[in-house]
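Novice: Residue numbers (my numbering), protein chains in the order written: chain A, 362 to 696; chain B, 362 to 696. One structure coming up, written as structure tokens, with questions to follow.
Protein chains: 2
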Amino acid sequence: MNRPKDPESKITIADVARAAGVSPMTVSRVLNDQGGASAETTQRILLAANELNYRPNPFARGLRSDRSRTIGLLVPDITNPFFPEVIRGAEDAASVAGYNLLLSNVVENSKREEELIEALLRHRVDGIIVCSSRLPDATLHKVLAPHRAAVLINREAPNEIAGTIVTDYEIGASRAIDHLVERGRRRIAIIAGPRSSFGGKSRLVGFRKTFAAHGLEAQAIVYCDPTAAGGQAAAAQLLAEAPGIDAMICYNDLNAIGAMKACRAAGISIPEQIALVGFDDIPTAELLSPALTTLRVQKREMGEEAVRLLLNRIATKKRQHGIVIVPELIIRETT
Amino acid sequence: MNRPKDPESKITIADVARAAGVSPMTVSRVLNDQGGASAETTQRILLAANELNYRPNPFARGLRSDRSRTIGLLVPDITNPFFPEVIRGAEDAASVAGYNLLLSNVVENSKREEELIEALLRHRVDGIIVCSSRLPDATLHKVLAPHRAAVLINREAPNEIAGTIVTDYEIGASRAIDHLVERGRRRIAIIAGPRSSFGGKSRLVGFRKTFAAHGLEAQAIVYCDPTAAGGQAAAAQLLAEAPGIDAMICYNDLNAIGAMKACRAAGISIPEQIALVGFDDIPTAELLSPALTTLRVQKREMGEEAVRLLLNRIATKKRQHGIVIVPELIIRETT
DNA sequence: TCTTTTTACGTTATCGTTACCGTTCATTTT
DNA sequence: AAAATGAACGGTAACGATAACGTAAAAAGA
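This is the structure in structure tokens:
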């Protein structure tokens, strides 16, 4: 095969049919493994297709079959190192199955999540994966319900609406508190991330339960953007308003990084004066000094599983609902 | 508009035509702003389309026009924080123009770049953006040449093949050396990244020239993967084999982060004993302690400009060739 | 041997849109 | 007033693949 390949060849199925001396229909059947062709014909067709370097036209195929072999992926902020890992996993799994990823990034609130989902659907993706949606339930269900397969990451939904890959943040939260208490910390504050976050709420449930189990309660709770800047502002506020604290648990690692900056600026040493726990275990977490104690979530795996689940829901009627991922406590130097 | 929207409505152009009392052709013309319809007809059609919530079928449209309103974007490693920024910029610009991004991630060498480009092309993207290609010129030109518009990021190419958005790494390299020399460093080693990197080679050219201008030369040059792990290994090697050095310049920030780890492990203090300079200015760079001195590249802008350039090349015959981005020295605490 | 089933194809119609080529009718030109 | 022009629209035929249905031959069953 030293002839230059051509992924956009103008060779049509009719050309292949002609070359193989059969009808286009037979070529279509053979190329889609639908049987109904003798071994020799199959060989002749395969040979001709290869010889002519035939590539099915995705538009024509889509027009007939209403399938695009494309998956829509919506992430809230690709700039947060958590999501590239998820994307990476999704990309791998999709690519193996011959699917491509149509990526959309929710830019803060400047463009609404709802619009982006619709844009993806309008492009006729075969299914859609939405990460950490902040849409109200009703809206989300309305947008997703009528069509196509869907999988939500870190967000619950009934099985008719979507499959789900969720992290058990309650257990994660619980482990964080247990660990801090074990280290002798009692005056713990929470940097809670965005109010509207589904995952944020379940963390809080876990915190409350585990505080209660230890006969403690949160010293303070502040909400903020899930970014380093947000964490820094929140931590600064905590340092000013809740002086006695000896630990902070952060919504995610980015927040924890911000909190570290704020502490450093205030001349407070970590972990001696204040212990710090994050969530996610983004790659930077272990590169910081002190390296960040955090609850690791298998990000790449989430992406992979989301795609697998989605492909399953695309292909079959009997739809799997999803899986739960349990975060793992990674103890480093901030506690 | 309290009727539920439907991004996949089965309303066809014929339905709209019927409702507006015209032919499908007229609807098509109006909806594509091709003129040839009176003001009132235009209004009637627009109204009907909106009323029925008509959405053009992208497959049918593509089949006729061979346009998908989709851009392929190939990045080498989405896990490197450099690329999400580029993607973010590209996504923004594409989204504004009504285009979607088809994302592909080159997983190390397990899947070849060439295949992924072809997969993108096979999906009939209207244009393709390739970041930091490591393909040999001949291969790259062969894959790109015959079709569609293309833009390369950090890689040169003749105008007939592709537009280019390149960083002037030569100047960047020069500024890094000047800065170190100014700080009194003379025994400088280079962590040079991957051998096959286009940008890596132009950095080396800049290093050589600037060393010469100062009457110096590199104490050592080691190549490595463009990752933290790669940088760590390279730095460890340098510490063992080139004992007297007082500075390291790294291929990118990830390498620099790895080098920091290696130095810390060896009990070497930064910047007192060894100064460190990175490239890119990824978000983590300023969050490290000591914060990393680096050459900032406008990543988001690169993504935006790449898309703009690509859309221009898609739309017009007379094709712009591209722009050069000059990195800016950001002095922090490692020098 | 004759009927029934199965295998291996081919025909036709269709998905929804737009390019190409007309046609009609009002307006301007001479 | 006749002819030329142009604006506003319509009819038809692809674009390329496949679903639905049809048919001829071979294989299986009676």
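The C-beta atom is built at its ideal place from N, Cα and C for all residues, glycine as well. Quick caveat: nothing in here was measured; it's all calculated off a predicted structure.
1) Mapping the DSSP letters down to three states, classify T373(A) as helix, strand or coil.
2) Would the beta-carbon of P632(B) fall within 8 Å of that of P604(B)?
3) So which of I549(A), Q598(A) and T654(A) has the shortest CA-CA distance to A608(A)?
4) Going along the region 443–460 of chain A in order, which residues come within less than 8 Å of chain B, judged by CB to CB distance?
5) Does A381(A) come out as helix, strand or coil in the three-state DSSP assignment?
6) Under 8 Å between C-beta atoms, does A608(B) make it to chain A?
7) Using 8 Å as the threshold, is the C-beta distance between V504(A) and N515(A) below it?
8) Return the residue from the list S389(B), K679(B), R674(B) and P644(B) that minimises the CA-CA distance to I490(B).
9) Using the three-state DSSP reduction, which class does E624(B) fall into: helix, strand or coil?
10) Which value, in whole angstroms, describes the spacing of the CA atoms of L648(A) and S630(B)?
11) Just the C-alpha distance for V542(A) and F568(A), rounded to the nearest angstrom, thanks.
12) Residues bridged to G433(B) by DSSP?
13) Mind checking which residues open and close the beta strand (DSSP E) that includes L656(B)?
14) Given a limit of 8 Å on CB to CB distance, which residues of the region 399–421 of chain A reach chain B?
15) Using a Cβ-Cβ cut-off of 8 Å (strictly less than) and excluding sequence neighbours within five positions of A770(A), which residues of its own chain qualify?
16) When the Cα atoms are used, what is the spatial distance from K679(B) to V436(A)?
17) Going along the chain, which unbroken runs of the beta strand (DSSP E) with 3 or more residues stay wholly within the region 496–562 of chain B?
18) Is the region 455–474 of chain B touching the region 414–422 of chain B, taking contact as three or more C-beta pairs under 8 Å?
19) Quick check: the Cα distance between E479(B) and R430(A), rounded to an integer number of angstroms?
20) Should P587(A) and N441(A) be called a contact, given that it needs their Cβ atoms to be closer than 8 Å?
21) Ends of the beta strand (DSSP E) at I582(A)?
22) Please state if the CB of L637(B) and the CB of R536(B) are separated by a distance shorter than 8 Å.
23) Quick check on DSSP: helix, strand or coil for D641(A)?
24) Using a C-beta to C-beta distance shorter than 9 Å, which residues of chain B count as neighbours of H502(A)?
25) Between L648(B) and chain A, is the shortest Cβ-Cβ distance under 8 Å, so that the two count as touching?
26) When DSSP labels each residue in this structure, what does Q681(A) get in the three-state scheme?
27) If distances are taken between C-alpha atoms only, which option among V391(B), V457(B), A596(B) and H484(B) comes closest to E476(A)?
28) Which word fits A676(A), buried or exposed, when buried means at least 16 other C-beta atoms lie within 10 angstroms of its C-beta?
29) Indicate whether the contact test is met: 3 or more Cβ pairs, each with one atom in the region 388–402 of chain B and one in the region 684–696 of chain A, closer than 8 Å.
30) Go ahead and label I448(B) buried or exposed: buried means 16 or more other beta carbons lie within 10 angstroms of its beta carbon, across all protein chains shown.
31) To the nearest whole angstrom, what separates the beta carbons of G619(A) and A590(A), a pair I think is in contact under 8 Å?
32) Counting only runs of 3+ residues fully inside the region 589–634 of chain A, write out the beta strand (DSSP E) ranges in chain order.
33) Does any CB atom of chain B fall closer than 8 Å to the CB of D468(A)?
34) Under the three-state reduction of DSSP, which class applies to A455(A): helix, strand or coil?
35) Within 10 Å of its beta-carbon, does D438(A) have 16 or more other beta-carbons around it, so buried, or fewer, so exposed?
36) Keeping to the same chain, check which residues put their C-beta closer than 6 Å to that of M362(A); ignore five residues upstream and five downstream.
Specialist: So, from the listed chains and residues:
1) coil
2) no
3) I549(A)
4) F444, P445, E446, I448, R449, E452, D453 and S456
5) helix
6) no
7) no
8) R674(B)
9) Going by the sequence as given, residue 624(B) is Cys instead of Glu. The answer is helix: DSSP assigns C624(B) an H, G or I state.
10) 16 Å
11) 12 Å
12) L463(B) and I489(B)
13) T654 to R657
14) R416, N418, P419, F420 and A421
15) Residue 770(A) is absent from the model: chain A starts at 362 and stops at 696.
16) 36 Å
17) 510–514, 524–528 and 549–552
18) no
19) 15 Å
20) yes
21) A581 to V583
22) no
23) strand
24) Within 9 Å Cβ-Cβ: nothing; H502(A) doesn't reach chain B, min ~11 Å.
25) yes
26) coil
27) V457(B)
28) exposed
29) no
30) buried
31) 6 Å
32) 608–611
33) Sequence inspection shows Val at residue 468(A); the Asp mentioned does not correspond to that position. So, interface residue.
34) helix
35) buried
36) Here M362(A) scores only 35 on pLDDT, less than 50, and its place in the model is too uncertain to base an answer on.
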